[in-house]
Amino acid sequence: MNRFKSANDQPLDECVLDQALNWMVALQSGTCGAAEQHACQQWRNENPQHELAWQRLAGLSRDMRLNTQALPASDARQLLRARSVPSRRTLLKGFAGLSVATALGLSVRERVLLPELFSDYHTATGERRHLRLADNGDLQLDTRTAVDIRGAHLALNLGRLLLSTGTSAGTTVQTSNGWVRPAALSRMIISHDLPRQQGTQVQMLAGSASIEPSHGASLMLGMGHQLSFDCLQGGPLATLSSGAEAWTQGLLIAERMPLREVLEQLDRYRRGVLRCDPAVAGLQVSGSFSLDQPDASLDLLAKVLPVRVQRVFGYLATVVPA
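All residue numbers for the sequence shown refer to UniProt numbering, where the first residue is 1 and numbers rise by one.
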């Protein structure tokens, strides 16, 4: 899968990686409670290397998307290590372990490497899609988004969606972090597993919703506000970001956004590999950019910033100092 990559990937100590693997397997086994969740969070906070190892396993380096829920610990460790060590032989071992698990009759959906390929509905790179829900609500999927739909229950496995609920209040949206239960006639953006995103984010455009972390207390979110939540708790309440809905029209609105983050957004809509030289990653960007034409947006950035775009066969693009 094409992912935004930094030009310098920081190496990780093997012991730290092992600890991260142990925590992830334990927490995703389905047998851990709030105490274990809290202990894991403390471990992540102890050292920046701990958090870096966790994030690489959890999704910031998403070349392979692994879901270890319901796997035996040994199988889960094998798959996670396959993702963390970029060697062909190790990756093949991970695929072999997945094949064995599937052959034994275990649920494929719980073990897929690419959830967007096995969800009820998914969008490809650069694609957006509209769906009509059973309660006459409306659903718009952003690029690289995967959802399962079972009546009034939606599972957002990956990506971002815009949900407008109908006149009934029975719709629920589930992610690996918990549930979002919107009121009738509400409108919201929900995103999960996006670059630089911690947990699941909910942006309330109209109406209200109950946010229910899987191991934490629920809270209400009203119109004009947004928050992120993980399995334990909801983050601080914030005012809705300007331009939050712009992606539905194929636009990215940046207001003093670091160049790296702008490129991460464009990368989700671009086929190929997009890299950023660390020397220009922190440049501040303001303006409106086309998501539907990401290469044109790269050319525009090169006109307004002291950068240039190096391209190789139209597939690999690297933004470097001018």
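Just so you know, even glycine gets a beta-carbon here, dropped at the ideal spot from N, CA and C.
Just so you know, these numbers come straight off a predicted model, no measurement behind them.
Applying the 10 Å Cβ sphere with the 16-neighbour rule, what's the burial state of residue i?
{"i": "T167", "result": "exposed"}
{"i": "D13", "result": "exposed"}
{"i": "S242", "result": "exposed"}
{"i": "V312", "result": "exposed"}
{"i": "A254", "result": "buried"}
{"i": "residue 325", "result": "This structure cannot speak to residue 325, because the chain is shown only from 1 to 322."}
{"i": "R270", "result": "buried"}
{"i": "H153", "result": "exposed"}
For residue i, which residues of its own chain have a beta-carbon under 6 Å away from its beta-carbon, when the five flanking residues on both sides are left out?
{"i": "L141", "result": "T123, R129, L161"}
{"i": "P306", "result": "A322"}
{"i": "P258", "result": "G282"}
{"i": "P236", "result": "none"}
{"i": "I149", "result": "D120"}
{"i": "D138", "result": "S164"}
{"i": "R260", "result": "C276, A281"}
Leaving out five residues on either side along the sequence, give the residues of the same chain with a beta carbon under 8 Å from the beta carbon of residue i.
{"i": "A296", "result": "S290"}
{"i": "Q197", "result": "S191, S228"}
{"i": "G151", "result": "A134"}
{"i": "E51", "result": "R44, N45"}
Please list the terminal residues of the continuous beta strand (DSSP E) segment that includes residue i.
{"i": "P321", "result": "316 to 321"}
{"i": "D138", "result": "138 to 141"}
{"i": "L194", "result": "Counting along the chain, L194 falls outside any beta strand (DSSP E), and DSSP gives it neither H nor E."}
{"i": "C231", "result": "It is not in any beta strand (DSSP E) - C231 carries neither H nor E in the DSSP assignment."}
{"i": "N157", "result": "153 to 164"}
{"i": "H130", "result": "129 to 132"}
{"i": "M220", "result": "219 to 222"}
{"i": "E245", "result": "Counting along the chain, E245 falls outside any beta strand (DSSP E), and DSSP gives it neither H nor E."}
{"i": "Q198", "result": "Where Q198 is concerned, there is no enclosing beta strand (DSSP E), given that its DSSP letter is neither H nor E."}
{"i": "P213", "result": "208 to 213"}
{"i": "G287", "result": "284 to 290"}
{"i": "T172", "result": "172 to 175"}
{"i": "residue 335", "result": "Residue 335 is absent from the structure shown; the chain starts at 1 and stops at 322."}
{"i": "V280", "result": "From DSSP, V280 is part of no beta strand (DSSP E); its letter is neither H nor E."}
Given this structure, state the Cα-to-Cα distance separating residue i from residue j, to the nearest angstrom.
{"i": "Y121", "j": "V173", "result": "14 Å"}
{"i": "M188", "j": "A169", "result": "14 Å"}
{"i": "T125", "j": "L301", "result": "21 Å"}
{"i": "V320", "j": "Q226", "result": "34 Å"}
{"i": "L163", "j": "W247", "result": "14 Å"}
{"i": "S191", "j": "V202", "result": "7 Å"}
{"i": "F229", "j": "G178", "result": "8 Å"}
{"i": "G314", "j": "L133", "result": "38 Å"}
{"i": "A238", "j": "L131", "result": "29 Å"}
{"i": "W43", "j": "M24", "result": "12 Å"}
{"i": "A217", "j": "L266", "result": "35 Å"}
{"i": "Q19", "j": "G287", "result": "42 Å"}
{"i": "G272", "j": "A244", "result": "25 Å"}
{"i": "T171", "j": "L221", "result": "16 Å"}
{"i": "residue 401", "j": "L298", "result": "Nothing can be reported for residue 401, as the shown portion of the chain is limited to 1 through 322."}
{"i": "T200", "j": "L240", "result": "15 Å"}
{"i": "N47", "j": "P195", "result": "21 Å"}
{"i": "L71", "j": "G234", "result": "With a pLDDT of only 44 at L71, under 50, the local geometry of the prediction cannot be trusted, and the value read off the model is given with reservation. Each residue's alpha carbon lies about 28 Å from the other."}
{"i": "L252", "j": "E264", "result": "11 Å"}
{"i": "N45", "j": "L57", "result": "16 Å"}
Can you name the start and end residues of the alpha helix (DSSP H) that residue i belongs to?
{"i": "A39", "result": "34 to 46"}
{"i": "R150", "result": "Looking at the DSSP string, R150 is not in any alpha helix (DSSP H); the run it does join, the beta strand (DSSP E), is 146 to 150."}
{"i": "Q265", "result": "259 to 269"}
{"i": "L298", "result": "294 to 304"}
In chain order, what residues of the same chain lie with their CB nearer than 7 Å to the CB of residue i, ignoring the 5 residues before and after it?
{"i": "G207", "result": "P182, A183, L185, S186, R187, M223"}
{"i": "E212", "result": "G178, W179, R181, S218"}
{"i": "A53", "result": "L12, V16, L17, A20"}
{"i": "E127", "result": "T143"}
Just confirm the distance between the C-beta atoms of residue i and residue j, as a whole number of angstroms; I'd bet it's less than 8 Å.
{"i": "A209", "j": "V180", "result": "5 Å"}
{"i": "V309", "j": "A317", "result": "6 Å"}
{"i": "V285", "j": "V262", "result": "5 Å"}
{"i": "A34", "j": "L219", "result": "In fact, because the Cβ distance is near 16 Å, the residues do not count as touching under 8 Å."}
{"i": "H215", "j": "Q37", "result": "5 Å"}
{"i": "D135", "j": "L158", "result": "Not quite, the Cβ-Cβ distance comes to about 23 Å (not below 8 Å), so this is no contact."}
{"i": "D292", "j": "G250", "result": "4 Å"}
{"i": "L156", "j": "T175", "result": "5 Å"}
{"i": "T165", "j": "R268", "result": "About 26 Å; that fails the 8 Å criterion."}
Looking at residue i and the ligand COA, is the gap between the Cβ and the nearest heavy atom below 7 Å?
{"i": "Y121", "result": "In the structure shown, the ligand COA is absent, as is every other ligand, since no ligand is present at all."}
Any C-beta of chain C sitting closer than 8 Å to the C-beta of residue i?
{"i": "T125", "result": "The structure shown contains no chain C, having only a single protein chain."}
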